[in-house]
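These notes are about the structure you will find just below.
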Amino acid sequence: MPARLLPVDPAAPDPGAIAEAAEVVVAGGLVAFPTETVYGLGADALNAAAVQRIFAAKGRPADNPLIVHVADPAEVEALTAALPETARLLMARCWPGPLTLVVPAAPQVPLVTRGGLDTVAVRMPAHPVALALIRAAGCPIAAPSANRSGRPSPTTARHVLADLGDAIDLVLDGGPTPVGVESTVLDLTTSPPSVLRPGGVAVETLRDLIGPVTLPPAGAPVLARAPGTRYRHYAPRARVVLVEAPPDRVGEAVAGTVRALWDRGLRVGVMVTEDHAAAVPSGAVVRVMGPRTDPAVVATRLFAQLRELDEAGLDAIVVEAIDERGLGRAVMDRLRRAAASAG
Ligand code: AMP
Ligand code: MG
2 MPARLLPVDP AAPDPGAIAE AAEVVVAGGL VAFPTETVYG LGADALNAAA
52 VQRIFAAKGR PADNPLIVHV ADPAEVEALT AALPETARLL MARCWPGPLT
102 LVVPAAPQVP LVTRGGLDTV AVRMPAHPVA LALIRAAGCP IAAPSANRSG
152 RPSPTTARHV LADLGDAIDL VLDGGPTPVG VESTVLDLTT SPPSVLRPGG
202 VAVETLRDLI GPVTLPPAGA PVLARAPGTR YRHYAPRARV VLVEAPPDRV
252 GEAVAGTVRA LWDRGLRVGV MVTEDHAAAV PSGAVVRVMG PRTDPAVVAT
302 RLFAQLRELD EAGLDAIVVE AIDERGLGRA VMDRLRRAAA SAG
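One rule links them: number in the numbering used here = place in the sequence shown (from 1) + 1.
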């Protein structure tokens, strides 16, 4: 049976719709809902059978743990064995928001939720729909991104339906998600803390707040502690070709790449910043990512544009690389993975 779609006002969700969705969660079902980052696929985090359904619906490998979402920082106490001081500081400064903290797990968090690890990832999202749903359900909600495993993350309810329409019970449609890339995942069980995945909270912000943090090497395929980063990710069906060039050569490099792909008879789409849109040879399907100097705008459009170009039936998507500063780091992480795994 196809999932039911319930429209909700993202700023002030109707309590009736939220109650209906909460009932599904409490009964062990799956509800997709908007967060400020991307749409999540939620289940009762403490119900192992319900969480198992998330893995089945997504086709997600069992050793890739889920983020547990709470509606209040106090709810984290029951999920963790010991809460580091740094966690308290970051929760006070960055929550609600796109920062996930990996901390030692309490035994009551089912192993399936944490992918068999002795740690658990926790986050308080900054989205009225997500917070209302968690509160109404009365339980923490485990929610990975609501896409088929390996596909670009969903930033609209339509993306969710396209990937998972037949596999889930209900989608709360609160419009496009405001941040557009997933949360930053910070492991607080290492010293210094380590960023396992760059995301919606800039690494620069974390360093200002807590001092040194380590980063995964740019483009690194694997970090054993971040199981999810090991798998095929963010990949449209078309091949993604990332163009990295010095600032004054970007336009030329994008145009050259497009022509080279045309020479091989391929149908080509292009994602470029406003700054270089004029350099794209006419005839290519183009999406403008936003101003090169504003990676937060690029982040909001990234996944939707990858999906749109993919639906246009192209063979290759040429994408302009942006600077790895602020949200640009998260954008480039997703693009590198998309480029590495496409094909
Ligand atoms: P998603 O919810 O699909 O955006 O993915 C969640 C990300 O957080 C994945 O990369 C997971 O591997 C990572 N993650 C979740 N829980 C843990 C944990 N306990 N330790 C390390 N990484 C985690
Ligand atoms: Mg995901």
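The beta-carbon is built from N, C-alpha and C at its ideal position, and this holds for glycine as well. Since we're looking at a predicted model, the values are computed, not measured.
Ends of the beta strand (DSSP E) at Ala44? In the sequence shown, counting from the first residue as 1, residue 44 sits at position 43. Ala44 -> beta strand (DSSP E) spans 40–45.
Assign Arg268 to one of three DSSP states: helix, strand, or coil. For this step, residue 268 is matched to residue 267 along the sequence shown. Residue state, collapsed to three classes: coil.
ask   = What is the DSSP secondary structure of Asp324, counted as helix, strand or coil?
value = Within the sequence shown, residue 324 is the residue found at index 323, counting from 1. In the three-state reduction of the DSSP assignment, Asp324 falls in the coil class, being assigned neither a helical nor a strand state.
* Cα-Cα, which of Ala20, Leu102, Ala239 is closest to Val202? -> For the purposes of this step, residue 202 is identified with residue 201 of the sequence shown, where counting begins at 1. Ranked by Cα distance from Val202, the first of Ala20, Leu102, Ala239 is Leu102.
task = Mind the definition here: the region 171–180 touches the region 14–34 only if three or more C-beta pairs lie below 8 Å; say whether that holds.
result = The region 171–180 is in contact with the region 14–34.
Worksheet item: Under the criterion of a Cβ to heavy atom distance below 7 Å, does Pro145 qualify as lining the ligand MG?
Response: Start at 1 with the first residue of the sequence shown, and residue 145 comes out as number 144. Pro145: yes, Cβ under 7 Å from the ligand MG.
* Please report the residue range of the alpha helix (DSSP H) in which Pro8 lies. => Position 7 of the sequence shown, counting from 1, holds the residue named residue 8. Per DSSP, Pro8 lies in no alpha helix (DSSP H) segment; the continuous beta strand (DSSP E) that holds it begins and ends at 5–8.
Proximity to Glu245 [Cα-Cα], best of Ala236, Val255, Arg238, Ala239 = Translated into positions along the sequence shown, residue 245 becomes position 244. When each option's Cα is compared against that of Glu245, the closest is Val255.
Would you check if the distance between the CB atom of Leu67 and the CB atom of Ala144 is smaller than 8 Å? Position 66 of the sequence shown, counting from 1, holds the residue named residue 67. Position 143 of the sequence shown, counting from 1, holds the residue named residue 144. In this structure, Ala144 lies closer than 8 Å to Leu67 by Cβ.
First through last residue of the alpha helix (DSSP H) which encompasses Arg302
As a first step, residue 302 is located in the sequence shown; it is residue number 301 there, counting from the start. Residues 296–312.
Review point. If we ignore side chains and look at the alpha-carbon of each, how far apart do Arg61 and Glu309 end up?
Key: The residue given as residue 61 occupies position 60 in the sequence shown. The residue given as residue 309 occupies position 308 in the sequence shown. For Arg61 and Glu309, the distance between alpha carbons rounds to 23 Å.
(message) Report the CB separation of Gly181 from Ala300 in whole angstroms; it is logged as a contact under 8 Å.
(response) Position 180 of the sequence shown, counted from the first residue, corresponds to residue 181. Position 299 of the sequence shown, counted from the first residue, corresponds to residue 300. Between Ala300 and Gly181 the Cβ distance is about 4 Å, and since that is below 8 Å, they are a contact.
- Task: Closer than 6 Å by C-beta to Ala51: which residues in its own chain qualify, once you throw out the five before and the five after it? Chain order, please.
- Result: Walking along the sequence shown from the start, residue 51 turns up at place 50. Around Ala51: Gly29, Ala44, Asp45.
For Leu303 and Val39, I'd like the C-alpha separation in whole angstroms.
By one-based count along the sequence shown, residue 303 stands at place 302. By one-based count along the sequence shown, residue 39 stands at place 38. Each residue's CA atom was taken as its position, placing Leu303 and Val39 some 11 Å apart.
Inset, instruction - Below 8 Å on the Cβ atoms is my guess for Thr178 versus Thr206; work out the distance and round it to an integer in Å. - result: Here residue 178 is taken as the residue at index 177 of the sequence shown, counted from 1. Here residue 206 is taken as the residue at index 205 of the sequence shown, counted from 1. Not confirmed; about 20 Å, so no contact.
>> Measuring straight from C-alpha to C-alpha, what distance separates Pro126 and Ala107?
In response: Looking up residue 126 in the sequence shown gives position 125. Looking up residue 107 in the sequence shown gives position 106. Their Cα atoms are separated by approximately 21 Å.
Problem set entry | Span separating the alpha-carbon of Leu100 from that of Val241 | Here residue 100 is taken as the residue at index 99 of the sequence shown, counted from 1. Here residue 241 is taken as the residue at index 240 of the sequence shown, counted from 1. Each residue's Cα considered, the two are about 28 Å apart.
Q | For Gly98 and Ala72, the rounded distance between their alpha carbons | A | For the purposes of this step, residue 72 is identified with residue 71 of the sequence shown, where counting begins at 1. For the purposes of this step, residue 98 is identified with residue 97 of the sequence shown, where counting begins at 1. Between Ala72 and Gly98, the alpha-carbon positions lie close to 11 Å from each other.
Where Thr191 falls, given that 16 or more other Cβ within 10 Å makes a residue buried:
Here residue 191 is taken as the residue at index 190 of the sequence shown, counted from 1. With fewer than 16 other Cβ atoms from the protein chains shown falling within 10 Å of its own Cβ, Thr191 counts as exposed.
task = Could you check which residue in Leu47, Cys140, Ala158, Asp119 has the C-alpha nearest to that of Pro8?
result = Translated into the one-based positions of the sequence shown, residue 8 becomes position 7. Selected option, being the one with the closest Cα: Ala158.
Reference Val121; option with closest CA among Thr87, His128, Ala83: Residue 121 sits at position 120 when you count from the first residue of the sequence shown. That would be Ala83, whose Cα lies nearest to the Cα of Val121.
Am I right that Val289 and Glu312 are in contact with their C-beta atoms under 8 Å? What's the rounded C-beta distance? One-based indexing of the sequence shown puts residue 289 at position 288. One-based indexing of the sequence shown puts residue 312 at position 311. Incorrect: roughly 17 Å between the Cβ atoms, too far for contact.
Item to complete: Compute the Euclidean distance between the alpha carbons of Leu14 and His277, then round it to the nearest angstrom.
Response: As a first step, residue 14 is located in the sequence shown; it is residue number 13 there, counting from the start. As a first step, residue 277 is located in the sequence shown; it is residue number 276 there, counting from the start. A quick correction: the sequence has Pro, not Leu, at residue 14. Going by the C-alpha atoms only, they are around 40 Å apart.
**Asked** Between Ile318 and Arg337, what straight-line distance do the alpha-carbon atoms span, to the nearest angstrom?
**Response** Within the sequence shown, numbered from 1, the residue matching residue 318 stands at position 317. Within the sequence shown, numbered from 1, the residue matching residue 337 stands at position 336. Distance between Ile318 and Arg337, taken at the CA atoms: about 13 Å.
Legend entry - Chain-order list of residues whose beta-carbon lies under 7 Å from that of Gln53 (same chain, five-residue window excluded): In the sequence shown, counting from the first residue as 1, residue 53 sits at position 52. Here the set comprises Val113.
field: Beta-carbon proximity list for Pro237, same chain, < 8 Å, skipping 5 on both sides
entry: Residue 237 sits at position 236 when you count from the first residue of the sequence shown. Taken in chain order, the residues that qualify are Arg152, Pro153, Leu307, Arg308, Leu310, Asp311, Ile318, Ala339, Ala343.
| task | Please look up how many angstroms separate the CB atoms of Ala163 and Pro111, rounded, as I've assumed it's under 8 Å. | result | Here the question's residue 163 lines up with position 162 in the sequence shown. Here the question's residue 111 lines up with position 110 in the sequence shown. Separation of the CB atoms of Ala163 and Pro111 is rounded to 29 Å, and the pair is thereby denied contact status at 8 Å.
The ligand AMP and Leu118: does the residue's C-beta get closer than 7 Å to at least one heavy atom of that ligand?
Position 117 of the sequence shown holds residue 118. Yes - the ligand AMP has a heavy atom lying nearer than 7 Å to the Cβ of Leu118.
Which of helix, strand or coil DSSP assigns to Leu84
One-based indexing of the sequence shown puts residue 84 at position 83. Residue state, collapsed to three classes: coil.
Count the other C-beta atoms from every protein chain shown that fall within 10 angstroms of the C-beta of Asp188, then say buried if there are 16 or more, exposed otherwise.
Mapped onto the sequence shown, residue 188 falls at position 187. Under this definition Asp188 is a buried residue.
**Message:** Given this structure, state the Cα-to-Cα distance separating Ala4 from Leu165, to the nearest angstrom.
**Reply:** For this step, residue 4 is matched to residue 3 along the sequence shown. For this step, residue 165 is matched to residue 164 along the sequence shown. Taking the straight line from one Cα to the other gives about 8 Å.
Where His277 sits in the DSSP three-state scheme: As a position in the sequence shown, residue 277 is number 276, starting the count at 1. Looking at His277 - three-state DSSP - the assignment turns out to be helix.
Contact check, Val130 vs Val104, beta carbons under 8 Å:
Start at 1 with the first residue of the sequence shown, and residue 130 comes out as number 129. Start at 1 with the first residue of the sequence shown, and residue 104 comes out as number 103. It is not a contact, given that the beta carbons lie outside the stated cut-off.
Which residues DSSP lists as bridging Pro237, in chain order:
Position 236 of the sequence shown, counted from the first residue, corresponds to residue 237. Pro237 pairs with nothing; no bridge assigned.
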